[in-house]
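Worksheet for the structure shown next.
Number of protein chains: 2
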Amino acid sequence: MSKELSTREENYSKWYNDIVTKADLADNSAVRGCMVIKPYGYAIWEKMQQALDKMFKDTGHVNAYFPLFIPKSFLSKEAAHIEGFAKECAVVTHYRLKNDPDGKGVIVDPDAKLEEELIVRPTSETIIWNTYRDWIQSYRDLPLLINQWANVVRWEMRTRLFLRTAEFLWQEGHTAHATAEEAVAETEKMLEVYSTFAEEFMAIPVIKGVKTASERFAGAVETYCIEAMMQDGKALQAGTSHFLGQNFAKAFEVKFAGKDGKLDFVWATSWGVSTRLMGALIMTHSDDKGLVLPPKLAPFQVVIVPIYRSDEEYATVCDAGRAIKKDLERFGVSVKLDDRDTHKPGFKFNEHEFRGVPLRIAIGPRDIANGTVEVARRDTFEKEVLQIQDLSTKVIHLLEQIQSNLYNRALTYRDERTYRADSWDEFLKLLDMGGFIYAHWDGTPETEQKIKEQTKATIRCIPLNNPKEDGKCILTGNASTQRVLFARAY
Amino acid sequence: MSKELSTREENYSKWYNDIVTKADLADNSAVRGCMVIKPYGYAIWEKMQQALDKMFKDTGHVNAYFPLFIPKSFLSKEAAHIEGFAKECAVVTHYRLKNDPDGKGVIVDPDAKLEEELIVRPTSETIIWNTYRDWIQSYRDLPLLINQWANVVRWEMRTRLFLRTAEFLWQEGHTAHATAEEAVAETEKMLEVYSTFAEEFMAIPVIKGVKTASERFAGAVETYCIEAMMQDGKALQAGTSHFLGQNFAKAFEVKFAGKDGKLDFVWATSWGVSTRLMGALIMTHSDDKGLVLPPKLAPFQVVIVPIYRSDEEYATVCDAGRAIKKDLERFGVSVKLDDRDTHKPGFKFNEHEFRGVPLRIAIGPRDIANGTVEVARRDTFEKEVLQIQDLSTKVIHLLEQIQSNLYNRALTYRDERTYRADSWDEFLKLLDMGGFIYAHWDGTPETEQKIKEQTKATIRCIPLNNPKEDGKCILTGNASTQRVLFARAY
Chain A
675 MSKELSTREE NYSKWYNDIV TKADLADNSA VRGCMVIKPY GYAIWEKMQQ
725 ALDKMFKDTG HVNAYFPLFI PKSFLSKEAA HIEGFAKECA VVTHYRLKND
775 PDGKGVIVDP DAKLEEELIV RPTSETIIWN TYRDWIQSYR DLPLLINQWA
825 NVVRWEMRTR LFLRTAEFLW QEGHTAHATA EEAVAETEKM LEVYSTFAEE
875 FMAIPVIKGV KTASERFAGA VETYCIEAMM QDGKALQAGT SHFLGQNFAK
925 AFEVKFAGKD GKLDFVWATS WGVSTRLMGA LIMTHSDDKG LVLPPKLAPF
975 QVVIVPIYRS DEEYATVCDA GRAIKKDLER FGVSVKLDDR DTHKPGFKFN
1025 EHEFRGVPLR IAIGPRDIAN GTVEVARRDT FEKEVLQIQD LSTKVIHLLE
1075 QIQSNLYNRA LTYRDERTYR ADSWDEFLKL LDMGGFIYAH WDGTPETEQK
1125 IKEQTKATIR CIPLNNPKED GKCILTGNAS TQRVLFARAY
Chain B
675 MSKELSTREE NYSKWYNDIV TKADLADNSA VRGCMVIKPY GYAIWEKMQQ
725 ALDKMFKDTG HVNAYFPLFI PKSFLSKEAA HIEGFAKECA VVTHYRLKND
775 PDGKGVIVDP DAKLEEELIV RPTSETIIWN TYRDWIQSYR DLPLLINQWA
825 NVVRWEMRTR LFLRTAEFLW QEGHTAHATA EEAVAETEKM LEVYSTFAEE
875 FMAIPVIKGV KTASERFAGA VETYCIEAMM QDGKALQAGT SHFLGQNFAK
925 AFEVKFAGKD GKLDFVWATS WGVSTRLMGA LIMTHSDDKG LVLPPKLAPF
975 QVVIVPIYRS DEEYATVCDA GRAIKKDLER FGVSVKLDDR DTHKPGFKFN
1025 EHEFRGVPLR IAIGPRDIAN GTVEVARRDT FEKEVLQIQD LSTKVIHLLE
1075 QIQSNLYNRA LTYRDERTYR ADSWDEFLKL LDMGGFIYAH WDGTPETEQK
1125 IKEQTKATIR CIPLNNPKED GKCILTGNAS TQRVLFARAY
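Written as structure tokens, this is what we have:
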């Protein structure tokens, strides 16, 4: 199985695609740009959802559900918003099919044309703020802290599994506040939730920052983001949190009466992460042997593979395997006993390695005699023989080690590829090596655009708590007060 | 709050709608036929999802995700299927908007017309079986036991919150098997899962049966269903499980090699329940005071309302409330402490009653002095004074009692309105009283259709394990071997 995998060196893009498809995470579908998320991939997404959903609820948010369709006129109400999304909208124009009168199958019924076209939501600010108008009258109705788990559609021309698909799954938080300060605090709080999730669950170190004006979400006053480095040195935006000011409240006339009875427009935020995180997860940790998963997001943290020759041995080792499974599960470890008698241990070893199961336990008759098992780590390939007696404690410890090792490995990888450039030549040279570059920029959208055109590098973010430093823009030589983070990106 | 509620007697339909909207379960949206599921309603749906998802996984199923869009040609491949869904399809024809050259806002870009129209999934058999073709080669790939949680769209002309909406949320299981027997067993197993869920979690007694040919799912060989009685005596189909034979395998050419190497078409099932269950839940248990929720699906099982006059009393009773909350939560009870100091206890009592919280605990200074609290049941309005000392045990017991009381009450209600009719006159008379009627039917679709046209009653199902009994069709007088279940239905 692993033989068919391209290496990162040979063809990074193909390596990624091979892992996604051959580790049964997702597949392209018959519908252009839409993917099928396969059960193993979906199980990882479910783990992400559970962890995030708990973090949202722990910070006071509740879930709700808003319509899939957005009337065209709604999308048009916020000028920057429609400008940003118009080019990638899937449009519903009719509501019925009928038999072709010429007998050539089924056609769209021309009599069933909608008066107003409906857009399949690319994001839900407009339909949600139209609803909030009915829900918000006074300061007592605020803050409104709502999240939605949903599918959205953005008609992308060039798609890649998980990273950029026409339909994707995500969550979108939409909150309403009485003051700008509160809304900004919420925006920053959710960025913090995302960065905690990325680092503690996904084992991906991220840089928190704000986007430049030209990279902001369409309709936002400020876009905060977390940026991660993939193994080809490229950046991947792993989550965004937007301070929307009063833009959507004004577009949808959502006002509230303050304590003093005065009416004012409501302040808004929105924030989201999507199945794109699956792409980040795969590209951060996986190796030339296949997928590598952090234990906190692995559908199975441990796989037990029985080693046997005869039917009697099969029965004995499977019994021992079941006992170990039961014991581990008591401690909250998720375990799969691979007792298929249709496949050899070597095949199973390869398969589970390819699918990124963090720990493999092999158990044969000799192990049982010795009261031991062989435990192999997916991240380091280290093997050790452990006593069955206190296996649970050791497995839990090993899983924690794997989780932190993956994070530290990714952090080291990123830090080793993070540079400072002080001249244009240096910038170009470093960029071709791949990685993050801190460099001075004169703060103008024109320069940002020129750099992008000439190098394909973009300003990923202006990091939070960025140290002030006088310098000169790498392209124009104009004065600059801080370095910003450049990289080529997904 | 409860004053604004219509009674069931006055206007059943308005009573239902009042509860849905005023108990903050759902609202109509600006998009025709699409609803907004509000946080309190969504929290109940999440409880349903969790319970069902666990039951699906416990019976060997895994989750996956398939595209929202279905190419028009796919939907057309199974003749009965397209016949059934053509009239309610939302059709995507374009993938881009642009600025109107006349400066009149945003229009659909005529240059961005799709080569083939895409249908927003009304159900996913076609896109899934097109995918299964790649996933199934041999008997070793079977059974394939997959479920999907998703939104679907059926362009209904007359919609009602939860009961019939253009977009709704559901789960759809799609399984593939090597033999007809296995597929039928799966269909029956999932019907059993649904009936267990309805009875044990929703506290709704259901009748299991099979649909007549004319009421079958479009593309099914046999449709199994569970039918529940609402408080107006009407039936509500609460879940369906379909044996699809080889219809979809043939339409999408999905074959597998058996152990003998021979190729055969794969056997299929599909099964689903939707947010319609919310409607069933509301209409089964609620009363003229508002929503009534079974404890197993209530977002909060217990609400604690502090009674106080002064700030000191407020602090003391809230402390006591927090201690009780903590204690109950240790036992897995979900509790809300309503410590808002902006509302009076009477207002809170009404609000929580209206929202169906199963148990209310009131605690004031005198209670604290006595070491007691006042506990009120939502289902029976009974109140009792209980010692704080062993409150948890008693609360858990009370919640169990409420759960079973709601079930028994609904069962009694249904059984009292379930009749046998032996003549057409009797049938008509009983039908107008509202309820379920067991009557003889000659087994022909023509008679079934005539009865429907004349009375609006449909055959809800032919119950499983239906006793054989010779009789005469209530309409035609022709011979019949069994009674079937008639009712007017949602």
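As they're listed, the protein sequences go chains A and B.
Heads up: the first sequence begins at 675 in our numbering, then just goes up one per residue.
Heads up: the second sequence begins at 675 in our numbering, then just goes up one per residue.
Built from N, CA and C at the ideal position, the CB exists for glycine as well.
Residue-chain proximity (residue i, chain B), Cβ-Cβ < 9 Å
| i | result |
| --- | --- |
| PRO817 (chain A) | no |
| MET675 (chain A) | Annotation note: pLDDT 45 at MET675 (chain A) (below 50); position unreliable, coordinate value reported separately. Not an interface residue. |
| GLY779 (chain A) | yes |
| THR833 (chain A) | no |
| ASP808 (chain A) | yes |
| ARG814 (chain A) | yes |
| LYS933 (chain A) | no |
| PRO1039 (chain A) | no |
| PRO775 (chain A) | no |
| ASN691 (chain A) | no |
is_contact[residue i, chain A] using C-beta, thresh 9 Å
| i | result |
| --- | --- |
| TRP1098 (chain B) | no |
| ASN825 (chain B) | yes |
| ILE1070 (chain B) | no |
| CYS708 (chain B) | yes |
| SER750 (chain B) | yes |
| GLU720 (chain B) | yes |
| THR849 (chain B) | no |
| THR797 (chain B) | no |
| LYS1022 (chain B) | no |
| THR733 (chain B) | no |
| THR1016 (chain B) | yes |
Residue i - DSSP class collapsed to helix/strand/coil
| i | result |
| --- | --- |
| VAL991 (chain B) | helix |
| PHE842 (chain B) | strand |
| ASN691 (chain B) | helix |
| ILE981 (chain B) | coil |
| LEU1060 (chain B) | strand |
| THR681 (chain B) | coil |
| ARG834 (chain A) | strand |
| HIS735 (chain B) | coil |
| ASP1144 (chain B) | coil |
Where residue i meets chain B, residues with beta-carbon distance less than 8 Å
| i | result |
| --- | --- |
| ALA717 (chain A) | VAL736 and ASN737 |
| LYS936 (chain A) | None at all; the shortest Cβ gap to chain B is about 19 Å. |
| LYS1142 (chain A) | What LYS1142 (chain A) touches in chain B: nothing, since even the nearest Cβ is about 41 Å away. |
| GLU841 (chain A) | PRO741, LEU742 and PHE743 |
| ILE820 (chain A) | PRO713 |
Contacts of residue i in chain A (Cβ-Cβ under 8 Å)
| i | result |
| --- | --- |
| TYR769 (chain B) | GLU762, CYS763, ALA764, VAL765 and TRP829 |
| VAL794 (chain B) | LEU742, VAL766 and VAL794 |
Candidates the options: closest to residue i by CA position
| i | options | result |
| --- | --- | --- |
| PRO968 (chain A) | A:THR1054, A:ARG1091 and A:TRP809 | A:THR1054 |
| GLY1006 (chain A) | A:VAL1069, A:LYS1022 and A:TRP1115 | A:VAL1069 |
| ASN737 (chain A) | A:PHE743, A:GLN724, A:ARG1004 and A:PHE748 | A:GLN724 |
| CYS899 (chain A) | A:PRO879, A:THR1092 and A:GLN905 | A:PRO879 |
| ARG890 (chain B) | B:THR870, B:TRP1098 and B:GLN911 | B:GLN911 |
| ARG814 (chain A) | A:GLY935, A:ILE1111, A:ASP1012 and A:ARG1051 | A:GLY935 |
| GLY1038 (chain A) | A:ALA852, A:ILE718 and A:VAL1049 | A:VAL1049 |
| ALA877 (chain B) | B:LYS1130, B:TYR1093, B:ILE1111 and B:GLN1075 | B:GLN1075 |
| GLU791 (chain A) | B:VAL705, B:GLY932, B:TYR1093 and B:THR914 | B:VAL705 |
Residues that residue i contacts on chain B, provided the C-beta gap is smaller than 9 Å
| i | result |
| --- | --- |
| VAL782 (chain A) | LYS746, CYS763, VAL765, THR767 and GLU791 |
| ILE998 (chain A) | Under the 9 Å cutoff, chain B gives no residues; its nearest Cβ is about 22 Å from ILE998 (chain A). |
| ILE956 (chain A) | Within chain B, no residue comes near ILE956 (chain A); the closest Cβ sits about 17 Å away, beyond 9 Å. |
Proximal residues of chain A, C-beta to C-beta of residue i below 7 Å
| i | result |
| --- | --- |
| THR805 (chain B) | SER703 and VAL710 |
| PRO1137 (chain B) | Per Cβ cutoff of 7 Å: no residues; PRO1137 (chain B) is ~35 Å from chain A at best. |
Per-residue contacts from residue i into chain B (C-beta, under 7 Å)
| i | result |
| --- | --- |
| LYS772 (chain A) | ALA760 |
* When the Cβ atoms of the region 832-840 of chain A are set against those of the region 944-953 of chain A, are three or more pairs found closer than 8 Å? -> yes
* Asked: For the region 693-707 of chain B, which residues have a CB atom closer than 7 Å to at least one CB atom of chain E, in sequence order?
  -> Of the protein chains in the structure, A and B, none is chain E.
* To do: Report yes or no: do the region 1016-1030 of chain B and the region 688-698 of chain B share at least 3 C-beta pairs separated by less than 8 Å?
  => yes
* Counting Cβ pairs, one atom from each stretch, are 3 or more of them under 8 Å apart for the region 1096-1109 of chain A and the region 845-863 of chain A? -> no
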